[in-house]
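See below for the structure under consideration.
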Amino acid sequence: MYWPNYNVLGVRIDAVQIPDVISQMESWIQDPSGSNFIAVTGMHGTTEAQRDPSFKHILNTANLVVPDGMSLVWLGRWQGYPLKRRVYGPELMDTFCRDTGDRYRHFFYGGLPIIVEHLVDILQKRYKLRIVGTYTPPFRPLTFEEDVQVIDLINKAHPDVLWVGLSTPKQERWMYEHRDKLKVPVMVGVGAAFDFLAGIKSQAPKWMQEHGLEWFWRLIHEPRRLWRRYLVYGSLFVVLVALEKVGILKFD
1322 MYWPNYNVLG VRIDAVQIPD VISQMESWIQ DPSGSNFIAV TGMHGTTEAQ
1372 RDPSFKHILN TANLVVPDGM SLVWLGRWQG YPLKRRVYGP ELMDTFCRDT
1422 GDRYRHFFYG GLPIIVEHLV DILQKRYKLR IVGTYTPPFR PLTFEEDVQV
1472 IDLINKAHPD VLWVGLSTPK QERWMYEHRD KLKVPVMVGV GAAFDFLAGI
1522 KSQAPKWMQE HGLEWFWRLI HEPRRLWRRY LVYGSLFVVL VALEKVGILK
1572 FD
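Each residue of the sequence shown is one higher than the last, beginning at 1322 in this note's numbering.
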């Protein structure tokens, strides 16, 4: 499938909505040809890509880069794309699981053991999900031997969808580096979706999510962890977009 796309600070954003993404995922699963990965990206990811050109390359290499963040939705509308809502990672994951039920095989990579246990229990009871494996990596880089073992573990489980819950940019780097080693039709980086869907963290009210205020909710609840992402990166994002729009800067 071909999806229209637009450019934000040199990052390709596909002008899709959640039903489009689910349709594409099912197409990849039903007609597998290598491993495809989806970057669920917002302000943080596009700003991080300005600091690190290698990360910008990773995003632009992704098979889909979806607008998780109202700022990207607004910029898409500005460029003529009729985007109604953002592709919110937790909502994408929950909707896919709800709509497909026991049709596909799922593997979860990331999170803490207790969180993933809750997640597996909830999704199996709620949607009768076929979960074929989980792996919660340590808070350090894996050794070469450990990485080989993880690849073998995932491939032997034969999942149709690999949900990666690390964080940006870790999850995108991981998917990019493993895309040629894993026999998985679809990998999706969903960030904190494991925490939200397991009920460990509370999500912002819908009205805040739909009006671009989720960042404020999350900043209040996790200021020490997220202040840099939203205050520093958020301010930089606004400045860079403004400079791009008036023609002072150009991003390739």
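From the three backbone atoms N, C-alpha and C, an ideal C-beta is built for every residue, glycine too.
So is residue i buried or exposed if we call it buried at 16+ other beta carbons inside 10 Å?
i       : result
Glu1535 : buried
Ala1563 : exposed
Lys1377 : buried
Trp1399 : exposed
Asp1352 : exposed
Ser1392 : buried
Gly1568 : exposed
His1532 : exposed
Glu1467 : exposed
Leu1463 : exposed
Please state the DSSP three-state secondary structure of residue i.
i       : result
Asp1501 : coil
His1378 : helix
Gly1510 : strand
Ala1360 : strand
Gly1568 : coil
Asn1328 : strand
Val1337 : coil
Pro1459 : coil
Tyr1402 : coil
Leu1534 : coil
Arg1407 : coil
His1479 : coil
Gly1390 : coil
Gly1454 : strand
Gly1486 : strand
Tyr1425 : coil
For residue i, I'd like the list of residues in its chain whose CB is within less than 7 Å of its CB, leaving aside the five on either flank, ordered along the chain.
i       : result
Ile1339 : Val1408, Glu1412, Leu1413 and Thr1416
Met1423 : According to the sequence as given, residue 1423 is Asp; it is not Met. For Asp1423, where only same-chain residues beyond five positions count, the Cβ hits under 7 Å are Lys1449, Leu1450 and Arg1451.
Val1437 : Phe1429, Thr1455, Thr1457 and Phe1515
Can you name, in chain order, every residue of its own chain whose Cβ lies under 8 Å from the Cβ of residue i, other than the five neighbours on each side?
i       : result
Val1553 : none
Leu1503 : Ser1356, Ile1472, Ile1475, Asn1476 and Leu1483
Asp1420 : Ile1343
His1439 : Ala1519, Gly1520 and Ile1521
Val1453 : Arg1426, His1427, Phe1428, Ala1478, His1479 and Pro1480
Just checking my contact of residue i with residue j at CB under 8 Å: how many whole Å lie between their CB atoms?
i       : j       : result
Leu1557 : Leu1330 : Not quite, the Cβ-Cβ distance comes to about 10 Å (not below 8 Å), so this is no contact.
Asn1328 : Phe1358 : Not quite, the Cβ-Cβ distance comes to about 20 Å (not below 8 Å), so this is no contact.
Val1509 : Val1485 : 7 Å
Val1361 : Asp1389 : 4 Å
Going by Cα to Cα distance, which pick from the options is closest to residue i?
i       : options                               : result
Leu1404 : Val1387, Gly1410 and Arg1419          : Val1387
Met1529 : Ile1435, Arg1406, His1378 and Ser1348 : Arg1406
Arg1550 : Gln1345, Thr1489, Lys1566 and His1532 : Thr1489
Met1364 : Trp1395, Leu1518, Leu1444 and Ile1569 : Trp1395
Asp1501 : Val1332, Ser1354, Met1346 and Arg1333 : Ser1354
Gly1401 : Asn1326, Ala1360 and Thr1367          : Asn1326
Pro1442 : Gln1470, Ala1519, Pro1374 and Arg1494 : The sequence shown places Asp at residue 1442, rather than the Pro named in the question. Comparing Cα-Cα distances from Asp1442 to each of Gln1470, Ala1519, Pro1374 and Arg1494, the minimum goes to Ala1519.
Ile1521 : Ile1435, Gly1366 and Trp1349          : Ile1435
Which same chain residues end up closer than 6 Å to residue i when comparing Cβ atoms and leaving out the 5 residues on each side of it in sequence?
i       : result
Trp1324 : Asp1335 and Val1337
Ile1343 : Phe1417
Arg1333 : Asn1326, Asn1381 and Val1386
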